[in-house]
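Enquirer: Take the sequence shown: its position 48, counting from 1, is numbered 46 in this note's numbering, and each next residue is one higher. All C-beta atoms, glycine included, are put in the ideal place defined by N, C-alpha and C. Below you will find the structure I want to go over with you.
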Amino acid sequence: MKKIKFLGKWLIAKKKRLLVFGIIAAMLGFGGYKLLSKNNSQVTYQTSKVEKGTIVSAISASGKVISAGILPISTEATGIVKKIYVKDGDRVIVGQKIAEFILDQIGAQKHASSYASYVGAQNSLIAANNSYRSAQASADVVLDAVKGHDTDETLIQKETRTKVEVARDNAFYGIKLAEANLSSLSLSYRLSSPVITAPYGGIIDSIGLVEGMVLEGSGGGSDAGSSNVRVAVVRNNANPIVEVTLSEVDVAKVQIGQKATVMFDSLIDKTFTGVVASVDRIGAVSSNVTSYAAKIRLDFTSDEIRPNMAATANIVLQTKTDVLIIPKSGIVTTDGQTTAKVLTNEVYTEVVVEIGLSSDNGVEVISGLSLGDEVVTGTNSADSGYLTTQTRSVFSSGFGGGTGGVRVAR
């Protein structure tokens, strides 16, 4: 009986010892896991060296081509296309035949009426010139009579002088009015003509006529309600104009004469240069947002650039050469103070830096860093196979971790 009790006590004691050993083993195992886990976690730093180079500050704006050195050739003639004298790519001079029509009845009547109006306008201009010469002669006679009598001119002489001067001026304005009327009617006469000629020289493109086709005063290239039909275009050497939209903030930075680079959505991997030709300071409001238009004239023309093509322009605000540059992610600004972490022998030191010009690719360093300094631009943390990356820019609030020297695990 005693032996059985002793054996029971021995078993209970043994179980307690095993339980204690189990708890210790579990604690050692957990501690070993924590130690191994900590040892397996590494932090490496991404760095970049301070270099010398050129930094360009620019703003980006989008828009489209509003002029591509392309001028339309139009007609108001109606009837059948009899003959086409040119093809796309041909060079033409002013007055060269482009095409010829057989006018229908309406087209013939319109052309005859336009011609009559044109001749009438010519006669009106001749009459206006004659009236002016007559008025000028009358004015000369009166002015000669009062010459030298500036102080003792009589009231009648003054009235007569004023009357002839007004008549002369009215006759002069009559000439200008007659010239404008003749110009307008000359255009109408030319547009109604059965023979289409080039109004300017250049390269023919986009011919919309086919021999035998019928024009009835509407169709491709014409506006609704208009009988004016575009039959072709002439490309000249005028440089294309791109209009972009600026925000209220950006318009204050843009000035006429600033250089720009322009890219087009449809012309991949091609960049064109230009210069700001005009800036609208009045602006336009849409949906309570004010925007401003700037026009950029390209430095050269290209057959690939066409009207209304979507474009993106980078307008150069300032350029500095031979300056110290680091990536934006290498600096941190907190409470108005800008700092960088300089890495030396796997230990970084935080230093205060003064920065200048900024671009998408980097920041100018005025003081605080030297050429060749290795600056921390980000961190890589590897933990149990997972990788996280931290990068900071000039606009961030700061890096994680403490300040001062830190051992960098490689």
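Could you say which of G93, A165, N359, A338 lies nearest to S365 if we only look at CA atoms?
Expert: Looking at the Cα atoms, A338 is the closest of the given residues.
Enquirer: On the DSSP letters alone, give me the boundaries of the alpha helix (DSSP H) that D203 sits inside.
Expert: Run containing D203: none in the alpha helix (DSSP H); it sits in the beta strand (DSSP E), 200 to 203.
Enquirer: Would you call the segment 163 to 172 in contact with the segment 190 to 198, where contact means no fewer than 3 C-beta pairs closer than 8 Å?
Expert: With a cut-off of 8 Å, the segment 190 to 198 and the segment 163 to 172 do not count as touching, because too few Cβ pairs lie within range.
Enquirer: Are there any heavy atoms of the ligand ADP lying less than 8 Å away from the beta-carbon of V345, as far as the coordinates show?
Expert: As presented, the structure is devoid of all ligands, the ligand ADP included, so that no description of it is given.
Enquirer: I want to see whether chain C comes within less than 9 Å of E362, judged by CB atoms only; does it?
Expert: Among the chains in the structure shown there is no chain C, since it carries only a single protein chain.
Enquirer: Could you check if I353 is buried or exposed, using at least 16 other CB atoms within 10 Å of its CB as the buried criterion?
Expert: It is buried - the Cβ of I353 has at least 16 other Cβ atoms within 10 Å.
Enquirer: Using the C-alpha atoms, what's the distance from D138 back to L180?
Expert: Spanning the two alpha carbons is a distance of roughly 29 Å.
Enquirer: Would you list the one or two residues that DSSP bridges to M261?
Expert: According to DSSP, M261 bridges with T269, T310.
Enquirer: Any idea what DSSP makes of I353, helix, strand or coil?
Expert: It is a strand residue.
Enquirer: If contacts are defined as beta-carbon pairs under 8 Å, then V260 and A309 qualify, I think. What distance do you get, rounded to the angstrom?
Expert: Right, their Cβ atoms sit about 5 Å apart.
Enquirer: In the DSSP assignment, find the unbroken beta strand (DSSP E) run with T342 in it and report its ends.
Expert: Element bounds for T342: 335 to 342.
Enquirer: Go to Y187, then tell me how far its alpha helix (DSSP H) extends in each direction, as first and last residue.
Expert: First-last of the alpha helix (DSSP H) with Y187: 153 to 190.
Enquirer: Using a 10 Å radius around the Cβ and a threshold of 16 neighbouring Cβ atoms, would you call L123 buried or exposed?
Expert: The residue in question, L123, is buried, as its Cβ has 16 or more Cβ neighbours within 10 Å.
Enquirer: Can you give the Cα-Cα distance for E302 and N226, rounded to whole angstroms?
Expert: Using only the alpha carbons, I get a separation of about 27 Å.
Enquirer: What's the gap between the Cα of A258 and the Cα of V240?
Expert: Approximately 11 Å, taken between the alpha carbons.
Enquirer: Write down the C-beta distance between A275 and R304 rounded to the nearest angstrom, noting that I regard them as a contact closer than 8 Å.
Expert: A275 to R304, Cβ: 19 Å. No contact.
Enquirer: Who pairs with E241 in a beta bridge, going by DSSP?
Expert: Its beta-bridge partners are K62, K293.
Enquirer: For K326, which of helix, strand or coil comes out of DSSP?
Expert: Reduced to three states, the DSSP call for K326 is helix.
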